[in-house]
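Have a look at the structure below, then the notes.
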Amino acid sequence: MYKNIRSYELRYTDVDAFDNLKLSSLMSFLEESACLSADELGFGYEALSPKNLGFIIVNCYIKLERNIKLGETVTIHTWPLKPRLLIFLRDSEIYVGDEKVGVVTARWFMVSTQTFAPVPSSAFFRESDFKDYNTCRSIEFSDWKIPLATDGKSVYTKTVTYSDYDHYFHVNNTKYADFLFDAFTVDELKGKSLSSVQITYVKQCKEGERIDIVRSEQEGYYLVEGRVCGDLRVQMRVKFNDV
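Reading the sequence shown from the start, the letters are residues 7 to 249 in this note's numbering.
Rendered as structure tokens:
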């Protein structure tokens with residue numbers, strides 16, 4: 007069954023202060039592989055853009071077995087699944103050599119790039135387009151609802167600027183990983199490995215908006231949110247292990 011397989015050699019700029027692969031860098035690899043896979047299957051940016059269509063990520067869940075270190079090469083295996091109503095699922099597996107070190111599942115919407123309203127798969131696809139799709143799952147996951155950080159404390163405020171944008175003129179999903187992880191100090195992350203992270207993208211953020219980053223703890227997880235004038239824009243639920 008179909009998989010797109012691509013390797014990424016870690017650069018110095020891909021790792022953090024402890025030589026661990028940054029979440030934002032991992033998500034950049036995943037986004038690059040997803041885009042290349044879509045190109046291969048005929049629904050990439052160049053195919054959709056003339057029809058004023060595009061894909062945006064809505065939720066993602068990443069589970070890692072260990073830190074990925076500077077000097078290692080990451081190989082991403084990724085494939086889409088047949089869409090369900092408006093939701094397009096994409097699963098991925100993360101390897102270092104022959105070792106599977108992580109799994110990913112993500113939910114995407116196909117949207118009108120004029121209104122950013124979700125559109126059904128029939129706006130572009132035929133049913134026959136899905137007949138050869140991989141039906142395997144990287145992980146069975148359905149707990150998509152992240153609790154609100156109702157007792158959260160404000161950590162800092164980030165103003166959206168030019169470098170945060172992608173070609174849809176809003177903050178790219180990988181940028182939020184850095185926004186959210188900056189809610190932690192270097193000392194707090196020392197000696198930790200990222201066990202799991204879940205992100206929900208609630209609403210786009212635009213240039214000039216000020217995102218208040220709020221953090222709380224709940225049942226062994228950290229909850230981190232980005233809010234603009236109290237309006238929820240992005241949520242993260244993250245768990246760390248001691249190394």
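Heads up, the beta-carbon is just placed ideally off N, CA and C, and yes, glycines get one too.
Treat the numbers as computed from the prediction; the structure is a model and nothing was measured.
Leaving out the 5 sequence neighbours to the left and right, which residues in its chain are closer than 7 Å to H176 when beta-carbon positions are compared?
-> Taking the first residue of the sequence shown as 1, we reach residue 176 at position 170. If we look at H176 and ignore the five residues flanking it on each side, its Cβ neighbours are Q210, C211 and K212.
Do you know whose CA, among R132, R17 and L200, lies nearest T79's CA?
-> As a working note, residue 79 is residue 73 in the sequence shown. Answer by Cα proximity: R17.
A44 to S199, Cα distance in whole Å?
-> Walking along the sequence shown from the start, residue 44 turns up at place 38. Walking along the sequence shown from the start, residue 199 turns up at place 193. Approximately 31 Å, taken between the alpha carbons.
Can at least three beta-carbon pairs, one atom from the segment 57-76 and one from the segment 12-30, be found at a separation below 8 Å?
-> yes
Under 6 Å Cβ to Cβ from K245, same chain only, skipping five residues before and after it: list those, please.
-> In the sequence shown, residue 245 corresponds to position 239, counting from 1. Taken in chain order, the residues that qualify are S201, S202 and Y227.
Evaluate contact between the segment 19-39 and the segment 120-140, counting only Cβ atoms and requiring at least three cross-stretch pairs below 8 Å.
-> no
Report yes if the CB atom of F185 is closer than 9 Å to the CB atom of K164, and no otherwise.
-> For the purposes of this step, residue 185 is taken as residue 179 along the sequence shown, with counting starting at 1. For the purposes of this step, residue 164 is taken as residue 158 along the sequence shown, with counting starting at 1. Cβ atoms of F185 and K164: closer than 9 Å.
Mind checking T191: buried by the 16 CB within 10 Å criterion, or exposed?
-> One-based indexing of the sequence shown puts residue 191 at position 185. Result: exposed.
Look at the alpha carbon of D22 and the alpha carbon of V110, and state the distance between them as a whole number of angstroms.
-> Stepping through the sequence shown from its first residue, residue 22 is reached at position 16. Stepping through the sequence shown from its first residue, residue 110 is reached at position 104. Between D22 and V110, the C-alpha separation is close to 21 Å.
Classify R96 as buried or exposed, calling it buried when 16 or more other Cβ atoms lie within 10 Å of its own Cβ.
-> Start at 1 with the first residue of the sequence shown, and residue 96 comes out as number 90. Classification of R96: buried, given that the 10 Å Cβ count is 16 or more.
Go ahead and pull the three-state DSSP assignment for A155.
-> Against the sequence shown, residue 155 aligns to sequence position 149. Note: A155 maps to coil in three-state DSSP.
Decide if the segment 125-135 is in contact with the segment 47-60; the criterion is three or more beta carbon pairs, one per stretch, under 8 Å apart.
-> yes
What's the gap between the Cα of N10 and the Cα of G50?
-> Counted from its first residue, the sequence shown places residue 10 at position 4. Counted from its first residue, the sequence shown places residue 50 at position 44. In a straight line, the C-alpha of N10 is about 13 Å away from that of G50.
According to DSSP, which residues form a beta bridge with K164?
-> Your numbering for residue 164 matches position 158 in the sequence shown. Note: K164 sits in a beta bridge opposite I217.
Mapping DSSP to helix, strand and coil, what is V21?
-> Along the sequence shown, one-based indexing puts residue 21 at 15. In the structure shown, V21 sits in a strand (DSSP, three-state: E or B).
Limits of the unbroken beta strand (DSSP E) element including V192 = As a position in the sequence shown, residue 192 is number 186, starting the count at 1. That residue, V192, is in no beta strand (DSSP E); its alpha helix (DSSP H) goes V192 to L195.
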